[in-house]
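Here the working numbering is used: the first residue of the sequence shown is 167, the next is one more, and so on.
C-beta: ideal position from N, C-alpha, C; glycine also.
The structure displayed is predicted, hence computed values, not measured ones.
To keep things clear, I will list the structure first and then write my remarks on it.
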Amino acid sequence: MAAGDLQFLDGKWYVTHSGLLHLAFRKGCCGIKPVLQERLSDVGSCRWVFKATVYKSRGSKGFVGYGDANPTNTSPLVRGAEMRVAETRAVNRALRKAYGIGLCSVEELGWLTGSPGSTKEENQSAKSPHQNGSSNGQPRLRDRLCVLIRQYSLDPTLVKAYAADFCGTPTLKEANRELVESFISHLATSARENRDALICKLNSYSQPMEVKS
167 MAAGDLQFLD GKWYVTHSGL LHLAFRKGCC GIKPVLQERL SDVGSCRWVF
217 KATVYKSRGS KGFVGYGDAN PTNTSPLVRG AEMRVAETRA VNRALRKAYG
267 IGLCSVEELG WLTGSPGSTK EENQSAKSPH QNGSSNGQPR LRDRLCVLIR
317 QYSLDPTLVK AYAADFCGTP TLKEANRELV ESFISHLATS ARENRDALIC
367 KLNSYSQPME VKS
């Protein structure tokens, strides 16, 4: 495998888009045909669905894979490029089927979608020290929080206030990674199970807090 064909993230191995293309080239892939599924796509909501067919040889019936992308399952770092993300995901899935690749591709990860270069930079950022020992400044965590805020139409300012209170820190930036991950998981569950109750909880942070003597 060439450098960049695989990536190790959060304790798991993932294959990259370039890695799959390199494999297809080495195996003599005859062709890849991505087609936009117009009936399943919605321009207004930036939702795109592609069907990709990989032909391993001449006369092959082809291996089919579908890929979808919208603002709720892609990183804010690729906002506006959902169509290209959907096409890439479809091609990746078709290639994985064609060549029996059991590893998921990194581009199929909703909150981590981006170029291999961007992912590498994010991983390097994760290893760098942060002020007050905080490691929650990673783009991946911010992206996941932004996706939830967009998906459930939450107030970012109130979410940050709630997060700081949940983590027991003056501000969200001062919370460590484990606490932030715990909050994101809690927020996702609360929004999914009872959004109205979550909104009420968030609204309580819009009131000025009483100063304790």
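Residue i - DSSP class collapsed to helix/strand/coil
| i | result |
| --- | --- |
| ARG205 | helix |
| ARG316 | helix |
| GLY276 | helix |
| LEU269 | coil |
| PRO242 | helix |
| GLY228 | coil |
| THR219 | strand |
| LYS263 | helix |
| ASP171 | coil |
| ALA247 | coil |
| ASP176 | coil |
| GLY194 | coil |
| GLY233 | strand |
With 16 other Cβ atoms within 10 Å as the buried cut-off, status of residue i
| i | result |
| --- | --- |
| ASP362 | exposed |
| TRP179 | exposed |
| GLY233 | buried |
| SER241 | buried |
| GLU344 | exposed |
| GLY194 | exposed |
| CYS366 | exposed |
| SER271 | buried |
| ASN298 | In this prediction, ASN298 scores a pLDDT of 32, lower than 50, which makes its location untrustworthy; no coordinate-derived value is stated. |
| GLU273 | buried |
| SER370 | exposed |
Within-9 Å CB hit, residue i to chain B
| i | result |
| --- | --- |
| LEU345 | Protein chains in the displayed structure number just one, and chain B is not present. |
Nearest-angstrom beta carbon gap, residue j and residue i [assumed within contact, 8 Å]
| i | j | result |
| --- | --- | --- |
| LEU189 | THR182 | About 11 Å separates the two Cβ atoms, so there is no contact after all. |
| ARG255 | ALA235 | 6 Å |
| ALA252 | PHE229 | So it is not a contact: roughly 18 Å between Cβ atoms. |
| LEU320 | ILE350 | So it is not a contact: roughly 12 Å between Cβ atoms. |
| TYR328 | ALA357 | With 8 Å as the limit, TYR328 and ALA357 do not qualify as a contact, their Cβ atoms being about 12 Å apart. |
Segment contact flag, the region 251-266 with the region 334-342, C-beta cutoff 8 Å, min 3 pairs: Segments in contact, no.
Ordered list of beta strand (DSSP E) runs contained in the region 319-377, each at least 3 residues: If we require 3 residues or more, the region 319-377 turns out to have no beta strand (DSSP E) run fully inside it.
Stretch pair the region 181-197 + the region 209-226: three plus CB contacts closer than 8 Å: Touching, yes, given that three or more Cβ pairs across the two stretches are closer than 8 Å.
Stretch pair the region 307-325 + the region 238-254: three plus CB contacts closer than 8 Å: Three or more beta-carbon pairs drawn from the region 307-325 and the region 238-254 are found closer than 8 Å, and the two stretches are therefore classed as touching.
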